[in-house]
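Trainee: A single structure is presented below for examination.
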Amino acid sequence: MLTAAGVGRGDEVIVPAFGNIEVAEAVASAGATPVFAEIDPATYCLDPAAVEAVVNSRTAAVVVVHRFGRQADVAALHEVGQRHGLLVLEQGESETPYAEVAQRRERAAYLDKRLRGVRTPEDGGGHTYQQYVVRVPGNGRPDRDAFARAVRARGVECRVPVKTPVHRMPKFRRDVYLPETERAADETLSLPVDGSLTKREMNRIVSACNALGGLLQPAF
Numbered sequence: 005m006l007t008a009a010g011v012g013r014g015d016e017v018i019v020p021a022f023g024n025i026e027v028a029e030a031v032a033s034a035g036a037t038p039v040f041a042e043i044d045p046a047t048y049c050l051d052p053a054a055v056e057a058v059v060n061s062r063t064a065a066v067v068v069v070h071r072f073g074r075q076a077d078v079a080a081l082h083e084v085g086q087r088h089g090l091l092v093l094e095q096g097e098s099e100t101p102y103a104e105v106a107q108r109r110e111r112a113a114y115l116d117k118r119l120r121g122v123r124t125p126e127d128g129g130g131h132t133y134q135q136y137v138v139r140v141p142g143n144g145r146p147d148r149d150a151f152a153r154a155v156r157a158r159g160v161e162c163r164v165p166v167k168t169p170v171h172r173m174p175k176f177r178r179d180v181y182l183p184e185t186e187r188a189a190d191e192t193l194s195l196p197v198d199g200s201l202t203k204r205e206m207n208r209i210v211s212a213c214n215a216l217g218g219l220l221q222p223a224f
């Protein structure tokens, strides 16, 4: 899509660093240079104000990535694009059947009410919970990783959704300051929220996480 729109050598394309490397690679394969902008800490998607802050005369496009079932602020990002004459492309997530979304929301609501010691996701309206991503407060990555190991030891599958921001990977290393991106990479943990989870399995998740809550700083 970038190539078809005429984006290429000498152009810059604004992308998030919080996520997978494929978006930056797609920009590079078109001959352009990826430029990383900060995320909104609630949605984990590009922050429109941060995008506008890095626009310059070489900026040709913005690639918006929707994350974990939350939508980016597309209207605001398109406004930025219109002001600066930029192409705004969106990368969505795989479609989930409505019945499955309803089940995920039901289980997410159950966890929201019962989890202690972690920060539960902000809904913001329309969240489909492709992943149920919590924040583990405390000392960043060390506490989050210790928390994950302890939860797994209690029989609950969990995973770190983004291990390394793209701007810290060797291929695309940049000397940029993205504190929200790095904080999210250090604190986030994805817990099960599949529609197939039973009440017993949900209770196991709650018990495993809450048993560790006293070891962490209170969530704000």
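Numbering (our numbering), first residue to last: 5 to 224.
Here a beta-carbon is modelled for each residue, glycine too, at the ideal position from N, C-alpha and C.
Given the structure is predicted, the values throughout are model-derived calculations rather than measurements.
1. Out of ALA36, LEU193, SER200, which one is the CA nearest neighbour of ARG139?
2. Using only the alpha-carbon positions, how far apart do HIS70 and PHE22 sit?
3. Out of ASP179, LEU115, GLY14, which one is the CA nearest neighbour of TYR133?
4. Looking at the structure shown, is TYR133 part of a helix, part of a strand, or coil, going by DSSP?
5. Could you check whether the segment 206 to 216 touches the segment 141 to 155, counting it as contact only if at least three pairs of C-beta atoms, one from each stretch, sit closer than 8 Å?
6. Taking VAL155 as the reference, which of GLU29, ASN207, THR7 has the closest Cα?
7. With ALA57 and GLU126 assumed to form a contact (beta carbons below 8 Å), what rounded beta-carbon distance in angstroms separates them?
8. In the DSSP assignment, the alpha helix (DSSP H) including THR185 goes from what residue to what residue?
9. Touching or not, the segment 99 to 108 and the segment 40 to 55, by the rule of three or more beta carbon pairs under 8 Å?
10. Among THR7, ASP198, GLU94, ARG145, which one has its Cα closest to the Cα of THR185?
11. Give me whichever residues DSSP pairs with THR63 in a beta bridge.
12. Residues bridged to ARG3 by DSSP?
Mentor: Short version:
1. The residue given as residue 139 occupies position 135 in the sequence shown. Answer by Cα proximity: LEU193.
2. One-based indexing of the sequence shown puts residue 70 at position 66. One-based indexing of the sequence shown puts residue 22 at position 18. Each residue's Cα considered, the two are about 11 Å apart.
3. Your numbering for residue 133 matches position 129 in the sequence shown. When only C-alpha atoms are compared, the closest one is LEU115.
4. The sequence position of residue 133 within the sequence shown is 129, counting from 1. Coil at TYR133, not helix or strand.
5. yes
6. Here the question's residue 155 lines up with position 151 in the sequence shown. Closest option to VAL155, Cα to Cα, is ASN207.
7. Residue mapping note: residue 57 aligns to position 53 of the sequence shown, counting from 1. Residue mapping note: residue 126 aligns to position 122 of the sequence shown, counting from 1. That belief does not hold up - the Cβ atoms of ALA57 and GLU126 are roughly 23 Å apart, past 8 Å.
8. Position 181 of the sequence shown, counted from the first residue, corresponds to residue 185. Start and end: 183 to 191.
9. no
10. For the purposes of this step, residue 185 is taken as residue 181 along the sequence shown, with counting starting at 1. For the residues THR7, ASP198, GLU94, ARG145, the minimum Cα distance to THR185 belongs to ARG145.
11. Working through the sequence shown from its first residue, we reach residue 63 at position 59. Partner(s): GLU16.
12. Because residue 3 is not part of the residues shown, which for the chain are 5 to 224, the question remains open.
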